[in-house]
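First comes the structure, then the notes that go with it.
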Amino acid sequence: MKIRTIRSFQKGHKIPEYIWDKIFEEVRFTPSSFDLQPWFFFVFESEFNKQKLKKCLIGNQEQLETSSAMVLLCGKLNKVDFSSKIYKNKLKNNEITMQQKKNILNQIQKYYNSLDKNIFKNELFLEIGIISLHFVLVSQKFGYNCCYIGGCYFNKLNSLFQIPSEYQPIILIAIGKKKKAKEDIKKKIKLKPEEFVKFL
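In UniProt numbering, the protein residues as written are 1 to 200.
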């Protein structure tokens, strides 16, 4: 499946709540380290919050003005704190035994207590990258397109939207219905597989 990056959407289109439910129902099964699911989504739909977000954007005005929503993906810096709850639920669901639960929780504590902060951040960014890709693919499945946005002062978002400090803003995604325009018929030029793949 190809990812179609769309920069101009059908302005004014509102994504139905049941579509959001379907998207996130599938996205929640994204894999992560120790299955700690260290992500949180902030969905900016209202014009008021989109205009607030404008203060932090570097360019990308077309995406902001025409998208149905701007989705901010954050990584949980305190993801280890959720391990007990997650594995308690796994035990209740008969996914693991009590002994497995104890062993895995011990492994988690041992691993993250000794992990370098930079490596931890890299891991978190990787996990958010994986779920962001899953989000885009699932959105396409339900008839919506997205645009990744890197032009943003992410370090200003916590204070602007009163987002708790344990949430690290990482990726911003515009989502909406694509317009029927020239970009539908343009042929994209990309590197050929032999230019970026080597079998060893």
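Glycine is no exception: its CB is placed at the ideal position from the N, C-alpha and C atoms.
Keep in mind the model is a prediction, meaning the values are calculated, not measured.
Secondary structure of residue i, DSSP reduced to three states
| i | result |
| --- | --- |
| F9 | strand |
| G75 | strand |
| I58 | coil |
| M70 | strand |
From the options, residue whose alpha carbon lies closest to that of residue i
| i | options | result |
| --- | --- | --- |
| S8 | K178, K187, I189, P193 | K178 |
| residue 201 | F82, T97, E195, S132 | Residue 201 lies beyond the residue range present for the chain, which begins at 1 and ends at 200; the question has no answer from this structure. |
| I130 | G143, Y148, F142, F161 | Y148 |
| K121 | F29, E17, S33 | S33 |
Where the alpha helix (DSSP H) containing residue i begins and where it ends
| i | result |
| --- | --- |
| Y18 | 17-27 |
| V43 | No alpha helix (DSSP H) holds V43; the beta strand (DSSP E) holding it covers 39-44. |
| N49 | 47-54 |
| K176 | The sequence given here places Gly at residue 176; Lys does not occur at that position. Note, G176: premise wrong, no alpha helix (DSSP H); beta strand (DSSP E) at 167-176. |
| V136 | 117-141 |
| I104 | 98-113 |
| Y87 | 83-92 |
Contact belief for residue i with residue j at Cβ below 8 Å, rounded distance in angstroms
| i | j | result |
| --- | --- | --- |
| H13 | S68 | 5 Å |
| N79 | L36 | It should be noted that the sequence gives Lys, not Asn, for residue 79. K79 to L36, Cβ: 5 Å. Contact. |
| C152 | L57 | 6 Å |
| L77 | Q168 | 5 Å |
Delimiting residues of the beta strand (DSSP E) encompassing residue i
| i | result |
| --- | --- |
| I149 | 145-149 |
Looking at C-beta atoms only, is the number of pairs between the region 132-140 and the region 48-57 that lie closer than 8 Å three or more?
Here the region 132-140 makes no contact with the region 48-57; the two share fewer than three CB pairs at distances below 8 Å.
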